[in-house]
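Below: the structure, in structure tokens.
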């Protein structure tokens, strides 16, 4: 197919080929001859590991914040109880 014929049939050419390759595959079977499924498995494993680490990090941060809040509340309650016992009694003079 010459360049002029290609321009005439664009964009609905029946023979669309990748012109970067000197002999691109024409069928799916030819395309997947060199396909290595471990590339996809490795990519999925990396993404899953990243997602898992971010989830664990978020959970740990939440747990630490929750523990600090509980400790703060306990100290606050303890201080309130102590302050209530130390408050002066109002003296009324007659």
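In our numbering, the protein residues as written are 19 to 112.
Beta carbons: idealized from backbone N, C-alpha and C, even for Gly.
Query - residue 47 - DSSP class collapsed to helix/strand/coil - result: Walking along the chain shown from the start, residue 47 turns up at place 29. Taken through DSSP and simplified to helix, strand or coil, residue 47 comes out as helix.
**Report entry** Cβ of residue 48 within 8 angstroms of any chain C Cβ
**Finding:** Here chain C cannot be found, since the structure has a single protein chain.
Report task. Rounded to whole angstroms, what's the CA-CA distance from residue 62 to residue 55? Just pull it up for me. Result -> Walking along the chain shown from the start, residue 62 turns up at place 44. Walking along the chain shown from the start, residue 55 turns up at place 37. Residue 62 and residue 55: Cα-Cα distance of roughly 11 angstroms.
Query raised in the report: Hey, which unbroken runs of the alpha helix (DSSP H) at 4 residues or more fall wholly within the region 60–106?
Result: Runs of the alpha helix (DSSP H) lying entirely within the region 60–106, each at least 4 residues long, are absent.
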